[in-house]
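Chemist: Following the UniProt record's numbering, the numbering of the sequence shown begins with 1 at its first residue and continues without gaps.
Glycine included, every Cβ here is placed at the ideal spot set by N, Cα and C.
In this text, all values refer to a predicted model and were calculated from it rather than measured experimentally.
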Amino acid sequence: MVDSPLTDSVLSKLQSKDQVELLDAVDRLRLDGFQGELNLPQLIVCGDQSSGKSSVLEAISRVRFPSAEQFSTCFATELVLRRAQTSSFFVNIVPASHRPEEDKKILQDFKSDHDLGDLHNFASVVDAAKCLIAGLPSSNNHAFYEDKLVAHINRPDLPPLTLVDLPGLIHSSNNEQGRHDIALVRRLVNSYMTQESSIILAVVAADNRIANQVVMELAKEVDPSGQRTLGIITKPDKVDAGSASEAKGIECAQNLNIHLGLGWHVLKNRDSSQSSAYNWKHLDARDLGANNLRQKLSLVLFGAIQKNLPSLVRDIKDRVTTCETNLARLGESKETEIEQRLELSTISFRLHNLIEAAVQGVYRDPFFDLAGSPMARERRLRSRIREVLDDFANHMRNKGQRYDFLDSSMPSPPASWSALTDFPSCGTKTQADSEPEVVTFQAAMAATTDHIKTNRGCELDGQYPSDVMIDIFRDQSCRWHFITDMYMRKSCDAVAVFLQEAISYIAPRHIVQNFGSSVFGPYLGDATLALERKIEELLRPYTKGTLITLNTRAYHVLKPKVKSNEKQRNPTEVTLRIVQLRKS
Numbered sequence: 001m002v003d004s005p006l007t008d009s010v011l012s013k014l015q016s017k018d019q020v021e022l023l024d025a026v027d028r029l030r031l032d033g034f035q036g037e038l039n040l041p042q043l044i045v046c047g048d049q050s051s052g053k054s055s056v057l058e059a060i061s062r063v064r065f066p067s068a069e070q071f072s073t074c075f076a077t078e079l080v081l082r083r084a085q086t087s088s089f090f091v092n093i094v095p096a097s098h099r100p101e102e103d104k105k106i107l108q109d110f111k112s113d114h115d116l117g118d119l120h121n122f123a124s125v126v127d128a129a130k131c132l133i134a135g136l137p138s139s140n141n142h143a144f145y146e147d148k149l150v151a152h153i154n155r156p157d158l159p160p161l162t163l164v165d166l167p168g169l170i171h172s173s174n175n176e177q178g179r180h181d182i183a184l185v186r187r188l189v190n191s192y193m194t195q196e197s198s199i200i201l202a203v204v205a206a207d208n209r210i211a212n213q214v215v216m217e218l219a220k221e222v223d224p225s226g227q228r229t230l231g232i233i234t235k236p237d238k239v240d241a242g243s244a245s246e247a248k249g250i251e252c253a254q255n256l257n258i259h260l261g262l263g264w265h266v267l268k269n270r271d272s273s274q275s276s277a278y279n280w281k282h283l284d285a286r287d288l289g290a291n292n293l294r295q296k297l298s299l300v301l302f303g304a305i306q307k308n309l310p311s312l313v314r315d316i317k318d319r320v321t322t323c324e325t326n327l328a329r330l331g332e333s334k335e336t337e338i339e340q341r342l343e344l345s346t347i348s349f350r351l352h353n354l355i356e357a358a359v360q361g362v363y364r365d366p367f368f369d370l371a372g373s374p375m376a377r378e379r380r381l382r383s384r385i386r387e388v389l390d391d392f393a394n395h396m397r398n399k400g401q402r403y404d405f406l407d408s409s410m411p412s413p414p415a416s417w418s419a420l421t422d423f424p425s426c427g428t429k430t431q432a433d434s435e436p437e438v439v440t441f442q443a444a445m446a447a448t449t450d451h452i453k454t455n456r457g458c459e460l461d462g463q464y465p466s467d468v469m470i471d472i473f474r475d476q477s478c479r480w481h482f483i484t485d486m487y488m489r490k491s492c493d494a495v496a497v498f499l500q501e502a503i504s505y506i507a508p509r510h511i512v513q514n515f516g517s518s519v520f521g522p523y524l525g526d527a528t529l530a531l532e533r534k535i536e537e538l539l540r541p542y543t544k545g546t547l548i549t550l551n552t553r554a555y556h557v558l559k560p561k562v563k564s565n566e567k568q569r570n571p572t573e574v575t576l577r578i579v580q581l582r583k584s
């Protein structure tokens with residue numbers, strides 16, 4: 001009697017006893033709330049066109065994949081088997097990333113009309129998916145596609161496994177398969193081969209020179225030692241008995257010609273009309289037939305799962321350590337209101353001490369240990385704020401002015417010097433971190449003279465409107481507010497990080513969450529608003545008030561000592577000199 005697809009009698013051979021016990025243990029952990037995942041293996045079946053890949057997949061799972069007599073595989077097909085308490089099954093198409101959004105929506109809405117309970121109709125499902133994909137305008141009548149069909153089967157008796165059927169590798173282009181198709185198929189096969197969870201089933205036909213088949217070349221590139229590659233020789237009955245092709249094939253099956261870490265296996269295709277395989281029968285029986293292949297794969301799969309056990313164990317240990325730490329921080333249960341208030345008081349007192357130490361810059365508490373946390377630098381709050389203030393001072397000193405006035409008496413001024421045409425005008429927020437605009441003093445003089453002429457009022461000749469200097473100064477200092485706001489927010493961010501670190505260090509997780517939303521959030525919001533108001537207050541004299549300077553150097557600029565043979569300074573030059581002095 002032929003087993004039906006996905007029956008226990010077929011798939012149980014893909015699971016060794018040890019593997020079943022291991023997976024049962026992982027399932028019990030998940031039932032207890034553990035969310036860690038084993039890096040589950042996947043079997044990818046790849047080979048040249050018409051090498052018998054689909055027959056290999058059917059031999060493993062008894063699922064009827066499309067064969068060459070129906071149509072060739074033109075996209076990746078994944079059969080995802082998972083253990084679950086309740087049975088379920090569904091299919092979907094994962095669109096290629098380059099598809100237009102409207103085509104992606106059509107593919108994502110794909111639903112099969114066939115019952116996938118036993119997958120007798122799986123070939124029809126693949127055919128329906130192919131018709132849908134090929135009919136899209138963005139498919140451009142290509143023969144192969146980067147979309148993939150995924151069938152999910154969940155049942156209590158299934159091994160956690162993914163079987164992947166890939167398009168056959170193409171040797172040369174023709175009228176139906178061009179260079180684009182050759183490159184696409186190679187890229188697709190290589191993307192699966194390079195995944196560490198992939199066990200490569202490299203299918204080669206005995207009636208074609210095995211060493212020349214493209215799949216062996218690709219497998220060697222991604223898995224040089226062959227530790228993830230199992231060679232499968234198909235069509236052994238298609239070569240003549242005693243021929244050189246048969247001898248080469250038998251050498252491969254004995255792992256003598258092309259050595260693979262997982263060895264070789266021989267399968268006769270399901271559509272073969274021959275009843276015997278000649279000299280192949282003399283090979284080790286464990287390397288022949290579908291039943292032995294399943295048993296061999298069960299050991300390969302278990303070995304692949306075992307490789308991931310150390311990381312799973314580390315994950316479990318880390319979670320246990322975290323739980324123990326949280327339990328220790330919780331201490332004994334606080335059932336009464338008095339006990340709960342006492343705990344909050346203790347946390348508040350401890351938090352107050354940490355904040356005070358951080359503000360004063362006294363870092364004796366273990367909380368500030370530089371080797372104790374990757375965030376130790378952020379925990380030293382006073383030091384962090386001083387860094388921000390140093391950066392603020394340097395920024396204001398180097399980039400606080402909008403213009404840098406340079407002497408134009410140089411024999412060859414730099415090409416970067418620009419002439420002012422719209423001076424004065426207000427800067428923008430995006431200019432706050434840019435270098436000052438470099439202009440010659442001569443160009444600034446010309447722009448200022450033009451501005452004075454434009455704004456003349458009732459003043460006497462030789463004098464200039466009082467607002468001119470104010471306009472120029474405010475334009476020169478227009479970055480101050482943006483720069484100050486930038487570093488104010490950096491300071492607030494530093495405080496927020498410190499508070500989160502401090503409360504996380506001394507309090508249980510549930511208290512930390514409540515502190516963040518109900519205490520720290522409103523406090524930091526109020527503090528930020530207060531700082532914004534203070535910045536507005538400090539900058540108001542420079543943006544809206546009457547300007548005055550107590551710089552004695554400015555006084556000497558305004559009232560220079562003029563010798564009898566010297567010419568009185570131009571008022572425009574005096575204006576620009578004062579603006580320069582105010583910057584300093």
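1. Could you tell me whether the region 368–383 touches the region 392–401, using the rule of 3 or more Cβ pairs below 8 angstroms?
2. Any heavy atom of the ligand FAD closer than 7 angstroms to the beta-carbon of Gly361?
3. Count the other C-beta atoms from every protein chain shown that fall within 10 angstroms of the C-beta of Met469, then say buried if there are 16 or more, exposed otherwise.
4. Could you check whether Pro167 and Phe144 sit closer than 8 angstroms to each other, using their CB atoms as the reference points?
5. Does DSSP put Val512 in a helix, in a strand, or in coil?
6. Are Leu184 and Ile232 closer than 8 angstroms when you measure CB to CB?
7. What is the DSSP secondary structure of Asp471, reduced to helix, strand or coil?
8. Counting pairs of beta carbons, one from the region 146–159 and one from the region 70–85, are three or more of them closer than 8 angstroms?
9. Look up Asp109 in the DSSP assignment and say whether it is helix, strand or coil.
10. State the CB to CB distance for the pair Pro236 and Val215, rounded to an integer number of angstroms; the pair is presumed to be in contact (CB under 8 angstroms).
11. Under the DSSP definition of a beta bridge, which residues are partnered with Cys74?
12. Is it buried or exposed for Pro318, if we count other Cβ within 10 angstroms and need 16 for buried?
13. Quick test of your reading: Ala376 and Asp369, contact by CB under 8 angstroms. State the CB separation rounded to the nearest angstrom.
14. Rounded to whole angstroms, what is the Cα-Cα separation between Phe75 and Ile93?
15. Quick one: what's Thr234 bridged to in DSSP?
16. Pro100 and Ser139: beta carbons closer than 8 angstroms?
17. Does the region 461–478 come close enough to the region 522–535 that 3 or more CB-CB pairs lie under 8 angstroms?
18. List the endpoints of the continuous alpha helix (DSSP H) containing Ile347.
19. Which residues mark the beginning and the end of the alpha helix (DSSP H) in which Thr448 is found?
20. Within its chain, find whatever has a CB closer than 7 angstroms to the CB of Asp207; leave out the 5 residues flanking it on each side and keep chain order.
21. Is it the case that the Cβ atoms of Ile60 and Tyr192 are separated by a distance below 8 angstroms?
22. How about the region 347–357 and the region 495–507: do they share at least three Cβ pairs that are nearer than 8 angstroms?
23. Is Tyr403 helix, strand or coil by DSSP?
24. One question on the structure: do Leu230 and Ile199 come within less than 8 angstroms of each other, judged by their Cβ atoms?
25. Is it the case that the region 400–407 contacts the region 439–446, given that we only count it when at least three CB pairs across the two stretches are under 8 angstroms?
26. Three-state secondary structure (DSSP) at Leu293?
27. Name the two residues that bound the continuous alpha helix (DSSP H) containing Cys492.
28. Please go through the same chain and pick out, in chain order, the residues whose beta-carbon is closer than 7 angstroms to the beta-carbon of Asp365, but skip the five residues on each side of it.
Modeler: With the given structure in hand:
1. no
2. No copy of the ligand FAD appears in this structure; indeed no ligand is present at all.
3. In the sequence shown, residue 469 corresponds to position 469, counting from 1. Label assigned to Met469: buried.
4. Reading the sequence shown from its first residue, position 144 is the one you call residue 144. Reading the sequence shown from its first residue, position 167 is the one you call residue 167. Going by C-beta atoms, Phe144 is nearer than 8 angstroms to Pro167.
5. Looking up residue 512 in the sequence shown gives position 512. Residue state, collapsed to three classes: helix.
6. Your numbering for residue 184 matches position 184 in the sequence shown. Your numbering for residue 232 matches position 232 in the sequence shown. No, the Cβ-Cβ distance between Leu184 and Ile232 is not below 8 angstroms.
7. Taking the first residue of the sequence shown as position 1, residue 471 is located at position 471. The DSSP-derived three-state label of Asp471 is helix.
8. yes
9. Position 109 of the sequence shown holds residue 109. Three-state DSSP puts Asp109 in coil, outside helix and strand.
10. Numbered from 1 along the sequence shown, position 236 holds the residue referred to as residue 236. Numbered from 1 along the sequence shown, position 215 holds the residue referred to as residue 215. Not a contact, Cβ separation roughly 17 angstroms.
11. Stepping through the sequence shown from its first residue, residue 74 is reached at position 74. DSSP, once it has assigned bridges, lists no residue as partnering Cys74.
12. Position 318 of the sequence shown, counting from 1, holds the residue named residue 318. One point to set straight first is that residue 318 is Asp, not Pro, in the sequence displayed. The residue is exposed, with fewer than 16 neighbouring Cβ atoms inside 10 Å.
13. The count along the sequence shown starts at 1 and reaches residue 376 at position 376. The count along the sequence shown starts at 1 and reaches residue 369 at position 369. Rounded, the Cβ-Cβ distance is 6 angstroms, consistent with contact.
14. Residue numbering aside, residue 75 sits at position 75 when the sequence shown is read from its first letter. Residue numbering aside, residue 93 sits at position 93 when the sequence shown is read from its first letter. In this structure, the alpha-carbon of Phe75 lies about 10 angstroms from that of Ile93.
15. Start at 1 with the first residue of the sequence shown, and residue 234 comes out as number 234. In the DSSP output, where bridge partners are listed per residue, Thr234 has Ala205 and Leu267.
16. Sequence index remark: in the sequence shown, residue 100 carries index 100 (1-based). Sequence index remark: in the sequence shown, residue 139 carries index 139 (1-based). Result no, Cβ atoms of Pro100 and Ser139 do not sit closer than 8 angstroms.
17. no
18. Here residue 347 refers to the residue found at position 347 of the sequence shown. Ile347 -> alpha helix (DSSP H) spans Glu337 to Gln360.
19. Counting from 1 along the sequence shown, the entry for residue 448 is found at position 448. Where Thr448 is concerned, the enclosing alpha helix (DSSP H) stretches over Phe441 to Thr454.
20. As a working mapping, residue 207 is identified with position 207 in the sequence shown. Hits under 7 angstroms: Lys235, Lys238, Val239 and Ser245.
21. Position 60 of the sequence shown holds residue 60. Position 192 of the sequence shown holds residue 192. No, Cβ-Cβ distance for Ile60 and Tyr192 is not below 8 angstroms.
22. Between the region 347–357 and the region 495–507, the count of Cβ pairs shorter than 8 angstroms is three or higher; the stretches touch.
23. Taking the sequence shown and counting its residues from 1, the one referred to as residue 403 is at position 403. Note: Tyr403 maps to strand in three-state DSSP.
24. For this step, residue 230 is matched to residue 230 along the sequence shown. For this step, residue 199 is matched to residue 199 along the sequence shown. Cβ distance < 8 angstroms, so Leu230 and Ile199 count as in contact.
25. yes
26. Within the sequence shown, the letter at position 293 stands for residue 293. Helix, per DSSP.
27. The sequence position of residue 492 within the sequence shown is 492, counting from 1. First-last of the alpha helix (DSSP H) with Cys492: Trp480 to Ile506.
28. Your numbering for residue 365 matches position 365 in the sequence shown. Once the five neighbours on either side are set aside, the close Cβ partners of Asp365 are Leu354 and Ala357.
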